[in-house]
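Chemist:
Numbering (our numbering), first residue to last: 3 to 457.
(1) Per the DSSP calculation, residue 143 is bridged to which residue(s)?
(2) Per DSSP, residue 283 is paired with what?
(3) On the premise that residue 449 lies in contact with residue 412, defined as a C-beta separation below 8 Å, what is that separation, rounded to the nearest angstrom?
(4) Among residues of its own chain, excluding the 5 on either side of residue 290, which ones have a beta-carbon nearer than 6 Å to its beta-carbon?
(5) With a Cβ-Cβ cutoff of 8 Å, do residue 404 and residue 163 count as a contact?
(6) Under the assumption that residue 106 contacts residue 137 (Cβ atoms under 8 Å), give the Cβ distance between them as a whole number of angstroms.
(7) Within the segment 150-203, note down every full alpha helix (DSSP H) run reaching 4 residues or more, in order along the chain.
(8) Terminal residues of the continuous alpha helix (DSSP H) containing residue 231?
(9) Taking DSSP as the reference, what is the three-state secondary structure of residue 366?
(10) Between the C-alpha atoms of residue 92 and residue 42, what's the straight-line distance to the nearest angstrom?
(11) Taking just the CA atoms, how far does residue 436 sit from residue 153?
(12) Considering residue 303, what are the terminal residues of the alpha helix (DSSP H) in which it resides?
(13) Between the Cα of residue 273 and those of 249, 170, 256, 342, spot the shortest distance and give me the residue it belongs to.
(14) Among all the DSSP beta bridges, which residues are the ones paired with residue 377?
(15) Under a three-way DSSP split, which group does residue 449 fall into?
(16) Hey, how far is the Cα of residue 119 from the Cα of residue 173?
(17) Report all residues from its chain with a CB closer than 6 Å to the CB of residue 13; omit the five preceding and five following residues, and keep chain order.
(18) Give the straight-line distance between the Cα atoms of residue 170 and residue 127, rounded to the nearest whole angstrom.
(19) Report, in whole angstroms, the separation of the C-beta atoms of residue 288 and residue 260, which I expect to be a contact under 8 Å.
(20) May I ask which residues mark the beginning and end of the alpha helix (DSSP H) holding residue 130?
(21) Are three or more beta carbon pairs between the segment 368-381 and the segment 418-429 nearer than 8 Å?
(22) Compute the Euclidean distance between the alpha carbons of residue 443 and residue 393, then round it to the nearest angstrom.
(23) Candidates 194, 226, 196, 197: which alpha carbon is nearest residue 208's?
(24) Buried or exposed: residue 297, going by 16 or more other Cβ atoms within 10 Å of its Cβ?
(25) Identify the residues that DSSP records as bridge partners of residue 278: which are they?
(26) Tell me residue 485's beta-bridge partners as DSSP assigns them.
(27) I need the boundaries of the beta strand (DSSP E) containing residue 338, first residue and last residue.
(28) Under 8 Å between the Cβ atoms of residue 181 and residue 368?
(29) I'd like to know whether the C-beta atoms of residue 191 and residue 85 end up nearer to each other than 8 Å.
(30) Please report the distance separating the alpha-carbon of residue 175 from that of residue 319.
(31) Starting from residue 100 and walking both ways along the alpha helix (DSSP H), at which residues does that stretch end?
Printed below as a string of structure tokens:
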């Protein structure tokens, strides 16, 4: 049960998360190529370190953007090749919009799908509609996430064997409706925008690459700018950014500070952002997690990565797990889920550009620069980061009573993985942040997995 206990924690490290829930099943790290050697043996090699070693600080911003645009178009052509119909998400955000616009230009019938939100402060639906009209894209609107999200309930139908718990459990009603509608239109592949944040959204830790390149003052200025933009205290942010703490030291500290929240500015510059052993984890489960992590050493290739590369590596791995799980669940529907940004060629091309990209005045500067001349000007004026936690809050409010009853009767409780009294105390207190909802959502999808697979 140690692996199940680990799965209940917030954002556990990638190399322990890679441990299978089942014996004799090995999960591959991200950016891995699998091939058969001349003797017929299956071999796998990682190109992640090689791609990062090719980073070239002499490349111009324009050259980098054009290269990414060329590779993404090539990836989309390959995914669409031989298909009679393709589909994709069109949320109104950068990543899905870029994919939908480029797919619509392919010589294949195309349908885009959108699910909005009832949050009046969210403008994604209006933006998606404007993009669809501008490019004459066939846009299908599904129920809003506010209505369809089901993160705190057990589905009516439980499945059999599955490789791992479904981190996307809350979106199962939405995805089921999407698959049905896409298949009705003849689509055999549906493209998602996952991976775009990891490849194109500048991270706070990228500023540390200036320091690694010997530009200490430039690093200080960049980190100070990050602190100012996020309204973090400057001095403590600089202290966190330049902390000499090693991976092992930080990991040990997090294991001994169960349930404690770390200040956002410190967490952003840490090795293991948001990794926490929650306070509602039972004492037995907590001991199992600590023992599992202590006895599973960091792989040498990951030990050598700096913070920027370490963050990307773990994030890409998680998104790959999401994609794999969706394709496993919907394997018999005839619809394949694809993530163009997670394709090997795309990862290689995106990681070759200089790690530090600042001063361009926009989110995701590389991909947006690449799409200039293709995306309309109104899209650049309306760019902002949407927040869909509203939908999860609404779901929780209507499901709270049933959620507490479900947890009280759960396998999680029977197997002594969660402390029910602590869960009830937290649930009956004012919600401090959306992290509490994500904790409860994680409990639910783990309970679903146990009911489907535990004998």
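Heads up, the beta-carbon is just placed ideally off N, CA and C, and yes, glycines get one too.
Modeler: Looking at the atomic coordinates:
(1) Against the chain shown, residue 143 aligns to sequence position 141. 116.
(2) As a first step, residue 283 is located in the chain shown; it is residue number 281 there, counting from the start. Answer is 420, bridged to residue 283.
(3) Locating residue 412 in the chain shown gives position 410, where the first residue counts as 1. Locating residue 449 in the chain shown gives position 447, where the first residue counts as 1. The Cβ separation is near 5 Å, so the contact holds.
(4) Taking the first residue of the chain shown as position 1, residue 290 is located at position 288. For residue 290, where only same-chain residues beyond five positions count, the Cβ hits under 6 Å are 4, 7.
(5) Along the chain shown, read from residue 1 onward, the residue named residue 404 stands at position 402. Along the chain shown, read from residue 1 onward, the residue named residue 163 stands at position 161. For residue 404 and residue 163, no; Cβs fall outside 8 Å.
(6) Translated into positions along the chain shown, residue 106 becomes position 104. Translated into positions along the chain shown, residue 137 becomes position 135. Contact flag correct, Cβ pair sits at about 5 Å.
(7) The qualifying runs are 174-186, 198-202.
(8) For the purposes of this step, residue 231 is taken as the residue at position 229 of the chain shown. 218-232 is the extent of the alpha helix (DSSP H) around residue 231.
(9) Looking up residue 366 in the chain shown gives position 364. Reduced to three states, the DSSP call for residue 366 is coil.
(10) The residue given as residue 92 occupies position 90 in the chain shown. The residue given as residue 42 occupies position 40 in the chain shown. Answer to the nearest angstrom: the Cα atoms are 43 Å apart.
(11) Here the question's residue 153 lines up with position 151 in the chain shown. Here the question's residue 436 lines up with position 434 in the chain shown. It is roughly 13 Å from the alpha-carbon of residue 153 to the alpha-carbon of residue 436.
(12) In the chain shown, counting from the first residue as 1, residue 303 sits at position 301. Its alpha helix (DSSP H) spans residues 302-305.
(13) Counting from one through the chain shown, the residue named residue 273 turns up at place 271. Looking only at 249, 170, 256, 342, the smallest Cα-Cα distance to residue 273 is reached by 249.
(14) Locating residue 377 in the chain shown gives position 375, counting from the first residue. Secondary-structure assignment with DSSP links residue 377 through a beta bridge to 374.
(15) Residue numbering aside, residue 449 sits at position 447 when the chain shown is read from its first letter. Helix at residue 449.
(16) Along the chain shown, one-based indexing puts residue 119 at 117. Along the chain shown, one-based indexing puts residue 173 at 171. Roughly 13 Å between the two C-alpha positions.
(17) For this step, residue 13 is matched to residue 11 along the chain shown. Once the five neighbours on either side are set aside, the close Cβ partners of residue 13 are 276, 277.
(18) As a working note, residue 170 is residue 168 in the chain shown. As a working note, residue 127 is residue 125 in the chain shown. If you take the alpha carbons of residue 170 and residue 127, they lie about 21 Å apart.
(19) By 1-based counting over the chain shown, the position of residue 288 is 286. By 1-based counting over the chain shown, the position of residue 260 is 258. Right, the Cβ-Cβ distance comes to about 6 Å (below 8 Å), so this counts as a contact.
(20) Position 128 of the chain shown, counting from 1, holds the residue named residue 130. For residue 130, the enclosing alpha helix (DSSP H) has its first and last residue at 126-136.
(21) Output reads no: the segment 418-429 does not touch the segment 368-381.
(22) On the chain shown, position 441 is the one that residue 443 refers to. On the chain shown, position 391 is the one that residue 393 refers to. Roughly 13 Å between the two C-alpha positions.
(23) Locating residue 208 in the chain shown gives position 206, where the first residue counts as 1. Minimum Cα distance to residue 208 is reached at 226.
(24) Here residue 297 is taken as the residue at index 295 of the chain shown, counted from 1. Exposed: under 16 other Cβ atoms inside 10 Å.
(25) Taking the chain shown and counting its residues from 1, one reaches residue 278 at position 276. Under DSSP, residue 278 shares a beta bridge with 12.
(26) Beyond the ends of the chain as shown, which are 3 and 457, falls residue 485; an answer cannot be given.
(27) For the purposes of this step, residue 338 is identified with residue 336 of the chain shown, where counting begins at 1. Here the beta strand (DSSP E) through residue 338 covers 338-340.
(28) Counting from one through the chain shown, the residue named residue 181 turns up at place 179. Counting from one through the chain shown, the residue named residue 368 turns up at place 366. Against a cut-off of 8 Å, the Cβ pair of residue 368 and residue 181 comes out as no contact.
(29) In the chain shown, residue 191 corresponds to position 189, counting from 1. In the chain shown, residue 85 corresponds to position 83, counting from 1. A distance below 8 Å separates the beta carbons of residue 191 and residue 85.
(30) Taking the first residue of the chain shown as position 1, residue 175 is located at position 173. Taking the first residue of the chain shown as position 1, residue 319 is located at position 317. One C-alpha to the other measures close to 25 Å.
(31) In the chain shown, residue 100 corresponds to position 98, counting from 1. Counted as a single uninterrupted DSSP element, the alpha helix (DSSP H) harbouring residue 100 occupies residues 96-106.
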